[in-house]
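Residue numbers (the numbering used here), protein chains in the order written: chain B, 59 to 415; chain Y, 59 to 415.
Data first, discussion second: the structure below is written as C-alpha cells.
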C-alpha cells in the first residue's frame, strides 16, 4: 500500500485538518465528535442540510460544505459509518431554527445512526426530516444494504436541495425536493481496479489484468458481474442502458414525522426514464481514473441519450463521489424539471463544487 | 493496460469530442489541425492567450479554455508536442486584433514548434509574444528539456494572465505579467506509480512496492532520486524544502521581438522565496491520487510555510496538471503580489477551473 498518509489511525483526522486550514472561508471542523460545518453556521431562519457517511469518497461530503450546499457533514472513518453523536452535535451546531434535513445514503449503518440522531435532535426541540438516497440501479440488495445503495445522486441532491434551502424553502419543501431528486436519479458504477482501505493495507478485492466489474459499489461491494475488458464505448453503453432501461423501483422507507414524533413508513416508486425526458448527466471518477477518460465516456453517453430521446441539459464530469484511489467511473442520470434546474444553476461555493459566485 | 478508451489512435480525438459535447457554452473544438478555442472567439480588442502541449495532463490545457483563462489550447497526442500548424491556426482563429501570447512549457518539442508558429503568425501580421514556463525546481536538465521543465506554474499563469487579458491588458503587459508569474513560481513533483501511455501499452517506468520518486516529471521523466516509501509529512517536507530553499535560477531564454521581427535572447533570474513572502500554494494530483490525500499534504505544507515565515494567501488543491493516471502529487508555490492576487481572484469559467461567475 503506497499512499500519501501518515499513521493509519490519523488518516481521516489529518485530511480534515488539511481541509480546515485550506478553506477557513468556507468551513470549520469540530473534533470529538467530528463534523464539518459551514463557516457562517448556524444561518438563522434557514433549513440546515446535513449529510455524512464513511470517509474515502472525497470531496463528498466534507468538500460540499459551504454556501449553497451542505450546512454540515459527518465523516466516519474510511468506509465506516459516522456515529449518532456526530450527527446529533452537527444538527445542534447548524440548526438556525428552521429545522434540519438529513440526506442519508442507503447503507445500514448510516441509516441506523442517522435515525438515532434524528430522535435525539427531535427530543431537543429541533425539527427534523430525513430523506434516504437509494439510487444505485446495479443490485437490489448489497453487502451493507437492504435495497439499493445510495451513490451519485447524493451529490446532485446536496447541490439542489442546498440551493433550495439557501433560497428559503421550508423544511417540508426541502424534504419534498430531496425525495423528488432521489426519485428521479439513477446511477451505475464500474471498477477497473480495487482501492485499498488504509486500515486493511491490501486491496478490498482483486480484479485481473483483463477484467472489470460492472455495478460495483463505492466501497468495493460486488456488482453485477466481472467481465473481460471492453472498450469505453461498450462499457458506457452497458452502464447507460442499465440506467435508462431500468424499470420502476418500488420499496418502503422510513421517514421521520414531526407531528407524530415517530417514524412512519412511506411507499415510494421511482418511475423509469423515458423518451422526452431532460436530464442532468453526471460522469464521476471513482478516484483513480483521470478526467480525460471521463470525457470519452461522456461522448458515448451523450450519443446514447440522444438516440433514446433523452436530452442532457446539464452535466457534471469529474471526481466527486470517489472510492479512494479506485480506477473506474459511475454514471448518474437525473431527470430534471424546472425546479431542479433552477437550483442546480444557483450559486455554490464549496471546496468541491463551485460556480456562480 | 486497463483504461476507459476505444482504439488507441482515437484516444485524444474522442476525449476532445466528449469535451466539445459537454461544454459548448465554454469552448469549441477544431480538428485537422486540432485546437480548442473559447466559444466566443475571437474576442475583438482582447489579447488572446494560447497554450498547448502533449495531451495526458487534463484538465490542462483544453479544460482551461474559456472566459477569464485561455483563448485557445493546442493538444498534441499523449505526451507528444503539438505541431506548428495547430498553434498557427489557433492564433489566427483567436486573434482579436490585440495580438496573441503563447505560454510555452519548457520542453524541446513544444519550444521549437511554438517558435515556428510565432514566426508564421507574425508573417501574417499578428503581433506575438511568447513566454516560457520553466518552474520545475527538481532537475536542471531533463529527458526532453534543456533547463528546467514547465509544470504547475503553467496552470497558475494561465489563470492569472487570462484574467489580465480579460481586463484589457495589452500584449506587452500580459507578457510582462506572465514573465513575472514564471519568475515567482516554483514546483516539485513526486510519483507513487507510473502512468501508462496508451500507445505504449505498458508503464513508462517501474517503481517498487515500497518506492517513490521525488522530482519526477509530468511525462515520467526521471526525478532526483528513488527512495523507500516515507510518510506524507516526510514527503511533503522534502518537496516543500526543495522549493523554499531553492536558490536563484539564472538562464537565457528566447523571446519574440515584434519590433525587430526576430528572436532575442533575454537573461532571466528567478529569486528564491524568502521569509515575509505571500504565496499561492497549489497542491496537485498527478491523476491517480485522490483529493483526500492532497489535503494531508496541504496540512503539512501549511505548517512548513508558516515555520518559514511564508504566508499562504490562496490555494488550489486538486488534479489540474496530471500525468494520465499516475499516482503522486506536485507542489507549486507562487510568490504573489497585489497584481497577481487581483487576477487570481477574478472570475473564470472553464471546464477545469471555475469561480466568481
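Heads up, the beta-carbon is just placed ideally off N, CA and C, and yes, glycines get one too.
Practice item. Determine whether the Cβ of residue 254(B) lies closer than 8 Å to any Cβ atom of chain Y. Key: Working through the first chain from its first residue, we reach residue 254(B) at position 196. False, the Cβ-Cβ gap to chain Y never drops below 8 Å.
Review point. For residue 63(B), which of 360(B), 409(B), 383(B) and 173(B) has the nearest alpha-carbon?
Key: For the purposes of this step, residue 63(B) is taken as the residue at position 5 of the first chain. Looking at the Cα atoms, 383(B) is the closest of the given residues.
Practice item. Helix, strand or coil for residue 147(B), going by three-state DSSP, please let me know. Key: Along the first chain, read from residue 1 onward, the residue named residue 147(B) stands at position 89. Helix.
Review point. What is the rounded straight-line gap between the Cα of residue 269(Y) and the Cα of residue 385(Y)?
Key: Locating residue 269(Y) in the second chain gives position 211, counting from the first residue. Locating residue 385(Y) in the second chain gives position 327, counting from the first residue. So the alpha carbons of these two residues sit roughly 12 Å apart.
**Study point:** Member of 103(B), 339(B), 196(B) and 211(B) whose CA lies at the smallest distance from the CA of residue 370(B)
**Key:** Here residue 370(B) refers to the residue found at position 312 when the first chain is read from its first residue. If we check each option's Cα against that of residue 370(B), 339(B) comes out closest.
Review point. Which first and last residues belong to the beta strand (DSSP E) in which residue 130(B) is found?
Key: Here the question's residue 130(B) lines up with position 72 in the first chain. Looking at the DSSP string, the run of the beta strand (DSSP E) that includes residue 130(B) is 130-136.
**Study point:** Near-chain Y residues of the stretch 69-85 of chain B - C-beta to any C-beta below 9 Å
**Key:** 69, 70, 72, 73, 74, 75, 76, 77, 78, 79, 80 and 81
**Study point:** Run of the beta strand (DSSP E) containing residue 172(B), from where it starts to where it stops
**Key:** Here the question's residue 172(B) lines up with position 114 in the first chain. That residue, residue 172(B), is in no beta strand (DSSP E); its alpha helix (DSSP H) goes 166-181.
**Study point:** Reduced DSSP secondary structure (H/G/I, E/B, other) of residue 124(Y)
**Key:** As a working mapping, residue 124(Y) is identified with position 66 in the second chain. Three-state result, residue 124(Y): coil.
Exercise for review: Specify the secondary structure class of residue 401(Y) as computed by DSSP and reduced to three states.
Suggested key: Counting from one through the second chain, the residue named residue 401(Y) turns up at place 343. The answer is helix: DSSP assigns residue 401(Y) an H, G or I state.
Check your understanding: Hey, how far is the Cα of residue 335(Y) from the Cα of residue 393(Y)?
Key -> Here residue 335(Y) corresponds to residue number 277 of the second chain, with the count starting at 1. Here residue 393(Y) corresponds to residue number 335 of the second chain, with the count starting at 1. Going from the Cα of residue 335(Y) to the Cα of residue 393(Y) covers about 6 Å.
Exercise for review: Pull out every residue of the stretch 276-287 of chain B whose Cβ sits closer than 7 Å to any Cβ of chain Y, in chain order.
Suggested key: 287
Check your understanding: With a CB to CB cut of under 7 Å and the five nearest residues on each side skipped, what residues in its chain are close to residue 407(Y)?
Key -> The residue labelled residue 407(Y) in the question sits at position 349 within the second chain. Answer for residue 407(Y): 84, 124, 125, 126 and 415, listed in chain order.
**Study point:** Per-residue burial, residue 396(Y) [other beta carbons within 10 Å of its own, 16 or more giving buried]
**Key:** Translated into the one-based positions of the second chain, residue 396(Y) becomes position 338. Exposed, by the Cβ-count rule.
Point to revise | Same chain only: Cβ atoms within 6 Å of residue 148(B), ignoring 5 sequence neighbours per side | key: Numbered from its first residue, the first chain carries residue 148(B) at position 90. So the qualifying residues of the chain are 93, 108, 130 and 132.
Check your understanding: Applying the criterion that 16 or more other CB atoms from any shown protein chain within 10 Å of the CB defines a buried residue, is residue 89(B) buried or exposed?
Key -> Stepping through the first chain from its first residue, residue 89(B) is reached at position 31. It counts as exposed.
**Study point:** residue 230(Y) - DSSP class collapsed to helix/strand/coil
**Key:** Position 172 of the second chain, counted from the first residue, corresponds to residue 230(Y). Here residue 230(Y) sits in helix by DSSP.
Practice item. Return the residue from the list 100(B), 289(B) and 162(B) that minimises the CA-CA distance to residue 119(B). Key: Position 61 of the first chain, counting from 1, holds the residue named residue 119(B). Of 100(B), 289(B) and 162(B), the residue nearest in Cα terms is 162(B).
Point to revise | Whole-number beta carbon distance between residue 278(Y) and residue 308(Y), since they are thought to touch under 8 Å | key: As a working note, residue 308(Y) is residue 250 in the second chain. As a working note, residue 278(Y) is residue 220 in the second chain. Not quite, the Cβ-Cβ distance comes to about 28 Å (not below 8 Å), so this is no contact.
Exercise for review: Name the two residues that bound the continuous alpha helix (DSSP H) containing residue 363(B).
Suggested key: As a first step, residue 363(B) is located in the first chain; it is residue number 305 there, counting from the start. Taken as a continuous stretch (DSSP letters only), the alpha helix (DSSP H) holding residue 363(B) covers 349-365.
Exercise for review: May I ask you to verify whether the stretch 179-192 of chain B touches the stretch 310-321 of chain B, counting CB pairs closer than 8 Å and requiring at least 3?
Suggested key: yes
Practice item. For residue 165(Y), collect the residues of the same chain with a Cβ closer than 6 Å to its Cβ; drop the 5 residues on either side in sequence, then sort them by chain order. Key: Within the second chain, residue 165(Y) is the residue found at index 107, counting from 1. If we look at residue 165(Y) and ignore the five residues flanking it on each side, its Cβ neighbours are 202 and 203.
Exercise for review: Determine the direct distance from the alpha carbon of residue 250(Y) to that of residue 192(Y), and round the result to whole angstroms.
Suggested key: Residue numbering aside, residue 192(Y) sits at position 134 when the second chain is read from its first letter. Residue numbering aside, residue 250(Y) sits at position 192 when the second chain is read from its first letter. Cα-Cα distance, rounded: 23 Å.
Exercise for review: Evaluate residue 115(B) with the Cβ neighbour count: other Cβ atoms within 10 Å of its Cβ, from every protein chain shown; 16 or more gives buried, anything less gives exposed.
Suggested key: In the first chain, residue 115(B) corresponds to position 57, counting from 1. Result: buried.
Check your understanding: Where does the unbroken alpha helix (DSSP H) through residue 187(Y) begin, and where does it stop?
Key -> In the second chain, the residue the question calls residue 187(Y) occupies position 129. That residue, residue 187(Y), is in no alpha helix (DSSP H); its beta strand (DSSP E) goes 186-191.
Check your understanding: What residues in the stretch 344-356 of chain Y bring their beta carbon closer than 7 Å to a beta carbon of chain B?
Key -> 345, 346, 347, 348, 349, 350, 351, 353, 354, 355 and 356
Exercise for review: State the Cα-Cα distance for the pair residue 213(B) and residue 378(B), rounded to the nearest angstrom.
Suggested key: Stepping through the first chain from its first residue, residue 213(B) is reached at position 155. Stepping through the first chain from its first residue, residue 378(B) is reached at position 320. Taking the straight line joining both Cα atoms gives about 7 Å.
Review point. Taking the Cβ atom as the reference point for each residue, do residue 295(B) and residue 375(B) lie within a distance shorter than 8 Å?
Key: As a position in the first chain, residue 295(B) is number 237, starting the count at 1. As a position in the first chain, residue 375(B) is number 317, starting the count at 1. Contact: no.
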